[in-house]
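Here's the structure, in structure tokens; my notes come after.
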Ligand code: UD1
Ligand code: MG
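In the working numbering, the protein residues as written are -5 to 459.
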């Protein structure tokens, strides 16, 4: 290969990068109707984790090869990167054949190509950059790692002139099986050269497949140099079964906890806090034990998430205090210093600055103005069995305990709803709404009632004898 085929063009500028992610495999060992690459880690498909890493290189072209569950995988890929080229591999005849399926999306591309696997989600952006950079010195580069248990991984066979070939475990001799440096699946090289070499692959191997890994031997056969970049095994973790998925989740969570703390959040018991791929915690957020973040949560500075709370699709404003035992559902927006207490559920609701709902409430499809007080047991009755309706509560309003607000309904600013009122009509500003049956006290009636009840019980017992 000429210098222009390597990392830098003749004028010294970096050559553009394209990435192909192979994701057509079935993942038989997952025992799932869902394609393997759509199983989630931190609430995002493992494919999306791999794509994010790839996107960090700002590739000129990004191709994802789909096959098993093609439509669903394509949809997930497009959701993560609208410009992605989705390529169909009709039948899964090996990783080399999969890259061949990406050829239409890569044709005419003059630059470096990185190949990744959709079931290997943790390869870090820095490692991909090191792979791309290795092409300044080599025609092809392979990402390897020292495996604690080499098992089914491809083995990297080296000689005096470096990496010579990759042998799949099923094709390896006992001596080759003893090699511990294994193939991660990430490979980089000049795009046109790699695509050309794919034409020389054969299926003469134990699995009868076109192996991408054979490109190494083919490149060496043409007198090209092949570089080896090593990374920690944790990065190349490939997911093949449910136990592997759980192990990957644990790796993701450990990384997310460390990143949250490094960014200035306090986690009282980090090992009990679970993050989603997109959780954002500002500095000086405190997260108490046993908190679960679903997707789409942002927590602003100084907020405190108390123990046993569950949040998803929610924005928590600065200084707000949530929980313990609170549930924030999608569409929740809490302004600064809001208080959401124990056993309060909030959904699709905007709560104004300093407003409080401290105990046992449901606020759904609602707007609550600044400084409003929502008493214990307040329920927004938002659903009539067919449609959802909104409840508007103005700034400074006071909603007494055990009130039902039958939506659509508005409680205007400064209004007061008396305890146990069922609000079915709008309440004007500064008005008092009271709607409960008047109470009667009947002197001596308790004793008479008890006598009657006791007599009935005795009569029933006598009938049974
Ligand atoms: C592959 C490598 C092996 C490496 C290991 C690392 C080859 C021949 N072997 O083996 O050297 O140590 O990964 O995890 O490359 N795929 C397709 N179409 C296909 C076959 C596979 O798109 O026809 C995709 C899969 O969806 C998956 C990836 O390629 O994302 C790897 O395929 P897999 O079958 O898991 O390969 P391994 O046997 O793990
Ligand atoms: Mg695999």
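Heads up, the beta-carbon is just placed ideally off N, CA and C, and yes, glycines get one too. These numbers come from a predicted model, not from an experiment.
What residues are listed by DSSP as bridge partners for residue i?
i: residue 39; result: 34
i: residue 392; result: 367 and 410
i: residue 184; result: 106
i: residue 156; result: 153
i: residue 355; result: 338
i: residue 374; result: 399
i: residue 138; result: 177 and 224
i: residue 385; result: 360 and 403
i: residue 344; result: 327 and 361
i: residue 428; result: Paired residues: none, contrary to the question.
i: residue 268; result: 286
i: residue 281; result: 261 and 299
i: residue 12; result: 55 and 107
i: residue 309; result: 292 and 327
i: residue 304; result: 286 and 321
i: residue 239; result: Answer is none; residue 239 lacks a bridge partner.
i: residue 274; result: 292
i: residue 315; result: 298 and 333
Quick one: is the Cβ of residue i within less than 8 Å of any heavy atom of ligand 2?
i: residue 177; result: no
i: residue 284; result: no
i: residue 19; result: yes
i: residue 61; result: no
i: residue 336; result: no
i: residue 232; result: yes
i: residue 113; result: yes
Put residue i into one of helix, strand or coil per three-state DSSP.
i: residue 415; result: coil
i: residue 251; result: helix
i: residue 246; result: helix
i: residue 325; result: coil
i: residue 468; result: Within the shown structure, residues of the chain are numbered from -5 to 459, placing residue 468 beyond reach of any answer.
i: residue 164; result: helix
i: residue 350; result: strand
i: residue 421; result: strand
i: residue 439; result: helix
i: residue 122; result: helix
i: residue 447; result: helix
i: residue 231; result: coil
i: residue 46; result: helix
i: residue 17; result: strand
i: residue 457; result: helix
i: residue 129; result: coil
i: residue 333; result: strand
i: residue -2; result: Reliability of the predicted coordinates at residue -2 is poor, the pLDDT of 46 falling under 50, and no value is obtained from them.
i: residue 452; result: helix
i: residue 143; result: coil
Report yes if the C-beta of residue i is less than 8 Å from at least one heavy atom of ligand 1; otherwise report no.
i: residue 460; result: No information on residue 460 is available, as it lies outside the stretch -5 to 459 that the chain covers here.
i: residue 116; result: no
i: residue 146; result: yes
i: residue 235; result: no
i: residue 205; result: yes
i: residue 210; result: no
i: residue 89; result: yes
i: residue 82; result: no
i: residue 247; result: no
i: residue 162; result: yes
i: residue 31; result: yes
i: residue 92; result: yes
i: residue 16; result: yes
If we define contact as Cβ-Cβ less than 9 Å, is residue i a contact residue for chain B?
i: residue 350; result: Absent here is chain B; the protein component of the structure consists of one chain.
Between residue i and ligand 4, is the CB less than 8 Å from at least one heavy atom?
i: residue 332; result: The model on display carries ligand 1 and ligand 2 but not ligand 4.
For this session: Could you tell me whether the segment 306 to 313 touches the segment 329 to 342, using the rule of 3 or more Cβ pairs below 8 Å?
Result: The count of Cβ pairs closer than 8 Å, one atom from the segment 306 to 313 and one from the segment 329 to 342, reaches three, so the stretches are in contact.
Exercise. Taking contact to mean at least 3 C-beta pairs separated by less than 8 Å, is the segment 61 to 71 in contact with the segment 175 to 191?
Worked result: The segment 61 to 71 vs the segment 175 to 191: no contact.
Exercise. What beta strand (DSSP E) runs, 3 residues minimum, are completely inside the segment 173 to 220?
Worked result: As summarised for the segment 173 to 220, the continuous beta strand (DSSP E) elements at least 3 residues long and confined to that stretch are 175 to 184, given in chain order.
Exercise. Quick one: any contact between the segment 76 to 84 and the segment 119 to 126, if contact means 3 or more CB pairs under 8 Å?
Worked result: Judged by pairs of C-beta atoms under 8 Å, the segment 76 to 84 does not touch the segment 119 to 126, as fewer than three such pairs exist.
Exercise. How do the segment 25 to 43 and the segment 129 to 137 stand: do at least 3 beta-carbon pairs fall below 8 Å, yes or no?
Worked result: Taking 8 Å as the limit for Cβ pairs, the verdict is that the segment 129 to 137 does not touch the segment 25 to 43.
Exercise. Can we say the segment 152 to 159 touches the segment 187 to 198, given the rule of at least three CB pairs closer than 8 Å?
Worked result: Verdict: no, contact absent.
For this session: Within the segment 75 to 102, note down every full alpha helix (DSSP H) run reaching 4 residues or more, in order along the chain.
Result: Runs of the alpha helix (DSSP H) inside the segment 75 to 102: 89 to 95 and 97 to 100.
For this session: Inspect the CB distances between the segment 217 to 226 and the segment 83 to 92 and report whether three or more fall short of 8 Å.
Result: Using a C-beta cut-off of 8 Å, the segment 217 to 226 makes no contact with the segment 83 to 92, since fewer than three inter-stretch Cβ pairs fall below that distance.
Exercise. Can we say the segment 268 to 278 touches the segment 237 to 252, given the rule of at least three CB pairs closer than 8 Å?
Worked result: Short answer: they touch.
Exercise. Are there three or more Cβ pairs, one per stretch, closer than 8 Å when the segment 95 to 106 is compared with the segment 6 to 15?
Worked result: Counting Cβ pairs under 8 Å, three or more are found: they touch.
Exercise. Between the segment 311 to 322 and the segment 287 to 301, are three or more C-beta pairs nearer than 8 Å?
Worked result: Contact holds between the segment 311 to 322 and the segment 287 to 301, because three or more Cβ pairs, one in each stretch, are under 8 Å apart.
Problem set entry | Stretch pair the segment 210 to 221 + the segment 138 to 148: three plus CB contacts closer than 8 Å | By the Cβ rule, the segment 210 to 221 does not count as touching the segment 138 to 148, because fewer than three pairs are nearer than 8 Å.
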